[in-house]
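K.L.:
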Amino acid sequence: MATLFGSGIKRREDPRLITGSATYTDDVKLPGMVYAMFVRSPYAHARIKSIDVAAARKAPGVVAVYTGKDVKDRLVPVPCAWNPPGCDLKVPPHPQLAWDKVRYVGDAVAMVIAETRAQVRDAVDLVEVDYDSLPATVDPEKATQKGAAQLHDEIPNNIAFIWKVAGGDAEAAFRSADASVKERIVQQRLLPTAMEPRAAVASYNRGSGQLTLWCTSQNPHIHRFLCSVMLKLPEHRVRVIAPEVGGGFGSKIPAYPDEALVSLAAMDLGRPVKWTEDRSENYKVTIHGRDHIEYVEMCGTRDGKITGLRTRVYAGLGGYASTAGPGIPTILHGLIYSGAYTIPNILGVIHGVYTNGTPVDAYRGAGRPEAAFLVERLVDIFARKIGMDPVEVRRKNFIPRDKFPYTTVTGLTYDSGNYEGALDKALGMLDYKTFRADQVRARKQNKYLGVGVVSYVEICGLGPSAVAGAVGFGAGLYDSAIVRVYPTGVVKVYIGASPHGQGEETTFAQIVADEFGYPVENVEIIHGDTDNTPQGWGTYGSRSTAVCGSAVKVAAVKLKEKARKLAAHLLEANEADLEWKDGKFQVKGSPDKAKGFAELALMANVAWNMPAGMEPGMEASAFFDPTNFVYPFGTHVCTVDVDIDTGEVKILRYIAVDDCGPPINPMIVDGQIHGGVVQGLGEALQEIAVYDNEGQLLTGTMMDYAVPRASQMPFLELAHTVTPSPVNLGVKGCGEAGTIASAACVVNAVTDALSPLGINHIDKPLTPARVWAAIQKAKGAKP
Amino acid sequence: MIPTSFDYVRAGSLKETLNLLAAGDGTKIIAGGHSLLPMMKFRLVQTPRLVDISRLEELRGITEHKKGARIGATTTYAELATSPILRERCPVVAEVAAEIADLQVRNRGTLGGGLAHADPASDMPAVMLALDAEFELRSKKAGKRSVKAREFFKGPFATAMTEDELFTGIVLGGMGRTAAAYESFDQAASGYALVGVCAVVARKRTAIAAITVAFTGLGEVQFLSPAFDRLVDTKGDRATLAQAALEAVKGVEIAGDLHAPAEYRRHLAQVAATRAVQKAYERAGA
Ligand SMILES: Cc1cc2nc3c(=O)[nH]c(=O)nc-3n(C[C@H](O)[C@H](O)[C@H](O)COP(=O)(O)OP(=O)(O)OC[C@H]3O[C@@H](n4cnc5c(N)ncnc54)[C@H](O)[C@@H]3O)c2cc1C
């Protein structure tokens, strides 16, 4: 029988998503529902002198107005859930509504609730807040310097933590190196821009004392836990439902003030309360990504052996520490500084810094793209310095194929890899040699072509729970599944992960259907409701298939075993004499003595004739805790044509060779790679969140924040190598790979094109204006 | 994203529309709504009443007019882009319309609405200036009048129209022996022009007989530049063209912003002007 594993069947979630029949949080409508909206600070930094809510209270339709004073004693401040060890993290209180100070534009000051959306919109304008504005600090490096505005009195120089990663002896390596290079790299702030903004609907049943919160969550169990903490409610009284969620990219992992506030109001009012962001609010208050200023160095031998890597990083955290904020630029960033290479000496010093900006948290790749970017940029810059082809430097330093599992000096153990294989395949697709020759010819005609190569490794499949505990992540990282087989044999699988665009309703059904010898239609995947799914940790960090998918498999295998025993009993055969063939257990050599899974499920569910000691029913659960992370890798190559006259970058070809182990559904894998690459190209070429010196967000709408459009994107040429992981199903993650590779790939290509001008680095995004300015500067600097 | 409350009237006739505008109470016209509604949602515009003119047949459509064309104010960009009359008589208008924004915007956004809105970065004003278009306006009090494009655009979002006036149509004189080309560089997020240049060139064999060049996106308002007159009787050689482009932007106060610093815009304007003139020149010889 053909297996579904490996088959690119269409995503079953798509018909409802593209025909408008899906239910998102904002589609939830309950009787008696009222609408919340927030009064948000127009200042990045200010003391609140007074708040006058009298006029708003009297406005038509208004049912309640809350300020910080009203909720201070009733809510636990928004928790930060990641405390990396050994860095003395300072977490200031993060009030749901400001107590006395606001710390970024958009910080909530009051919540108004009214009968209709229009009424609440009118009423928020009537809340009068008297502010004493303060100087702001928005640059994570400058914020640590003398004279910078201080956000939190108890946190000197705005430094939340200084975290170090060290392996080998970097100082000695640099001292004795043949050659070294350094660069200052800015990894700009980005706006995650999920298609669906955030929303929440809270409903409280006074009779049962049960709070139900529908919200845009990537991890409803984490939201249940954090909301119960903030609201001081027993956890079993809180039910969180993530209905359809329209993308997250990390921005729907954290707990936010608004979710707790609408819940509190629903409990007070005894009426359901809804809040939905609009896009400008989304850009102001939903977490941002990246925001690093990095001083980076690499050293090595003249013949291309890399001997050391050193960084000093200033990572902006925004006004408060978001849920996973401190873990992103540390654990998920510094630990992977070795990249695909055997770098023997590494030292990274990361400063986490509070600034007057929106809190920063996980954004597609979360720390790993920043690491891949700086490592891959440095390899190119180093190669140029020693006059070697950057591809050769990569080859020379790759962790050899026969050295896996490989432990880096930063302490990670890479499960598997074949970096040369991916590199060779990508270069073959391009025909690297020919391109280099074309490049030389083009330069003679004043045409600037360039090629960028990136060989990345990422940490995915987060992760072993013991490691989560050891690195200060306040949660487990196993995942779970309940496989429930109905009397007629059809199956529902309840999972702890919470897909929101990744297609796991399809891939997980493929796993189960294969196990039971079923068509995929017989299996349905249920997720997102904490009242009917087992404890799990959600969907992020390219973890769901590697971890939750494994739990699904383990649970399904348990039932298959039960079915085998039952089949032996019913067929009056020895278990050892049975074989699984054509979707049935049959007595070897007697194909007419056979039982399919559906029939066995019926027999187990009616339990008329069970073997002694076997429980009735056909249901199993599994909790899967991986023994290690998985480490997908690959090589991306792109070629560009830079218009020297205008600074415009045209991508000629984009080739992505990724290795995420055996793909369960190759079409879905390619979709994930497409999306990831495009997001990275946006980061490379046009996306940047800009604050002015007063902390005003200048890119507050999509008229100024340039998410990539289809028409701006090149054709993507995808290919794969397959190196199974020894950790679980063999599969690795693929959700973040594209983003991790593509930003560096484009910048490497553009700086390669401009190398005749002596340009080593241009900070992302490579807008025509920036590239042109770099060209002008280089030309001016030349004699 | 909820506007302040307002009344909505779907206009049944031109007369009714003019009467409502004459009330002078801040009533606003809505055509495609693509510029107006975002401003209302941000509450940058607050109006007591909207008069929807999108179903007034007499304001819509493209007709032949002398050697050129007349375009009704509520004609959409999509209609301009596919108009056989324009493709034949003023192809540059159809070309530019086809490149504005995306399909959704082109299906609803109207030429009259765009011109009345007078965004200093929008594309069509430059084309209208270069083609020496005439705009038809009408009010209850003053009746009909027409205003040349070059007298119409007064500043950012400011025009020669009075509050009670309705924009009814655009008259294009036809290209005669000239040819036109438009070159622009877009802002990646909004798709509006960082700079755009429309050039109209007439040739006598290989020499330029007449030339008009208009700029958009550079500053407060679109403008015609006389600097290119020096190209008359030349073949538009590189050096002279570069000189003219340089002169055209010299002294122009250019706004810089986060997408393009002033210096870069100034440079791009010269590149766009050079490319537009060269293209128009080639087309005029074809
Ligand atoms: C996503 C997006 C991208 C865009 N990209 C571009 C671009 O690349 N280039 C570009 O040039 N433009 C661009 N635009 C702007 C677009 O061209 C204008 O929004 C559109 O043309 C306005 O026409 P409308 O019919 O929608 O006007 P409306 O929004 O209905 O009206 C605009 C203004 O004009 C007034 N008005 C409208 N019609 C009349 C009339 N007949 N008489 C008197 N007053 C009137 C209204 O009262 C209002 O003040 C873009 C817009 C959007 C939304």
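Residue numbers (this note's numbering), protein chains in the order written: chain A, 1 to 783; chain B, 1 to 286. Just so it is clear, CB atoms sit at the ideal spot from N, CA and C, and this is done for glycine as well.
1. Give a yes or no on whether the minimum CB-CB distance between threonine 646 of chain A and chain B is below 8 Å.
2. Determine whether the beta carbon atoms of isoleucine 346 of chain A and glycine 168 of chain A lie at a separation below 8 Å.
3. Which chain B residues sit within Cβ distance under 8 Å of arginine 121 of chain A?
4. Taking Cβ positions only, does serine 184 of chain B come closer than 8 Å to chain A?
5. Can you give me the Cβ contacts of valine 649 of chain A inside the same chain, cut-off strictly under 6 Å, excluding the 5 residues immediately before and after it?
6. Under 8 Å, Cβ to Cβ, is there at least one residue of chain A near alanine 189 of chain B?
7. Checking the sheet assignment: what are the DSSP bridge partners for tyrosine 406 of chain A?
8. At a cut-off of 7 Å, would you count phenylalanine 167 of chain B as near ligand 1, judging by its Cβ distance to the nearest heavy atom?
9. In whole angstroms, what separates the C-alpha of glycine 236 of chain B from that of phenylalanine 249 of chain A?
10. Where does tyrosine 478 of chain A fall in DSSP's three states?
11. I think lysine 148 of chain B touches glutamate 134 of chain B, with their Cβ atoms under 8 Å apart; what is that distance to the nearest whole Å?
12. Buried or exposed: which applies to lysine 284 of chain A, given that a residue is buried once 16 or more other Cβ atoms fall within 10 Å of its Cβ?
13. Assign arginine 10 of chain B to one of two classes, buried (16 or more other C-beta atoms within 10 Å of its C-beta) or exposed (fewer than that).
14. What's the call for lysine 376 of chain A, buried or exposed, on a 16-neighbour Cβ count within 10 Å?
15. Is the beta carbon of threonine 74 of chain B within less than 7 Å of some heavy atom of ligand 1?
16. So methionine 37 of chain A packs on valine 112 of chain A, CB below 8 Å; how close in whole Å?
17. To the nearest angstrom, report how far apart isoleucine 53 of chain B and asparagine 107 of chain B are at their CA atoms.
18. On the CB-based measure, 16 or more other CB atoms within 10 Å of its CB, does leucine 89 of chain A come out buried or exposed?
19. Leaving aside the five residues before and after glycine 503 of chain A along the sequence, list all residues of the same chain whose C-beta is less than 6 Å from its C-beta, in chain order.
20. Cβ of valine 105 of chain B versus every heavy atom of ligand 1: is any distance shorter than 7 Å?
21. Answer yes or no: does any C-beta atom of chain B fall closer than 8 Å to that of glutamine 445 of chain A?
22. Put phenylalanine 161 of chain A into one of helix, strand or coil per three-state DSSP.
23. From this set, A/Ile644, A/Ser742, A/Met298 and A/Arg653, which residue's C-alpha is nearest isoleucine 775 of chain A's C-alpha?
24. Grab me the residues of valine 554 of chain A's own chain with a C-beta within less than 7 Å of its C-beta, minus the 5 sequence neighbours each way, in chain order.
25. Could you name the residues of chain B that valine 690 of chain A contacts, counting a contact when the two beta carbons are closer than 9 Å?
26. Run down chain A in chain order and give the residues with a C-beta less than 7 Å from the C-beta of serine 122 of chain B.
27. For the stretch 4-25 of chain B, which residues have a CB atom closer than 8 Å to at least one CB atom of chain A, in sequence order?
28. Could you tell me whether the Cβ atoms of threonine 216 of chain B and proline 125 of chain B are closer together than 8 Å?
29. Name the chain A residues whose beta carbon is nearer than 7 Å to that of leucine 268 of chain B?
30. Buried or exposed for proline 616 of chain A, please, with buried defined as at least 16 other CB atoms from any protein chain shown within 10 angstroms of its CB.
31. Which first and last residues belong to the alpha helix (DSSP H) in which isoleucine 651 of chain A is found?
32. Figure out for me which residue from A/Pro662, A/Val105, A/His333 and A/Leu477 has the closest Cα to the Cα of alanine 166 of chain A.
33. Considering only residues of the same chain and omitting the five flanking positions on each side of lysine 164 of chain A, which have a CB-CB separation below 6 Å?
34. For the alpha helix (DSSP H) containing histidine 221 of chain A, name the first residue and the last one.
35. Pick out whichever of A/Gly32, A/Pro95, A/Gly496 and A/Gly318 has its Cα sitting closest to the Cα of serine 203 of chain A.
36. Under 8 Å by Cβ, that's how I've got aspartate 27 of chain A and arginine 239 of chain A pegged, so tell me the actual separation to the nearest angstrom.
P.N.:
Considering the structure as presented:
1. yes
2. yes
3. Ile2
4. no
5. Val640, Val642, Val750 and Leu766
6. yes
7. A/Tyr414
8. yes
9. Each residue's Cα considered, the two are about 52 Å apart.
10. coil
11. 6 Å
12. buried
13. Here arginine 10 of chain B is exposed: its Cβ has fewer than 16 other Cβ atoms, across all protein chains shown, within 10 Å.
14. The question names lysine, but residue 376 of chain A in the sequence shown is glutamate. So glutamate 376 of chain A ends up on the buried side.
15. yes
16. Here methionine 37 of chain A really is in contact with valine 112 of chain A; their C-beta atoms are around 6 Å apart, less than 8 Å.
17. When the Cα atoms are used, isoleucine 53 of chain B and asparagine 107 of chain B turn out to be separated by approximately 15 Å.
18. buried
19. Arg11 and Ile668
20. yes
21. The C-beta of glutamine 445 of chain A comes no closer than 8 Å to any C-beta of chain B.
22. strand
23. A/Ile644
24. Ala622 and Phe624
25. Leu258, listed in chain order.
26. Here the premise fails: no neighbours, minimum Cβ distance about 13 Å.
27. Thr4 and Ser5
28. yes
29. Thr646
30. The residue is exposed, with fewer than 16 neighbouring Cβ atoms inside 10 Å.
31. Element bounds for isoleucine 651 of chain A: not the alpha helix (DSSP H) but the beta strand (DSSP E), 649-659.
32. A/His333
33. Val349
34. Here the alpha helix (DSSP H) through histidine 221 of chain A covers 220-231.
35. A/Gly32
36. Incorrect: roughly 18 Å between the Cβ atoms, too far for contact.
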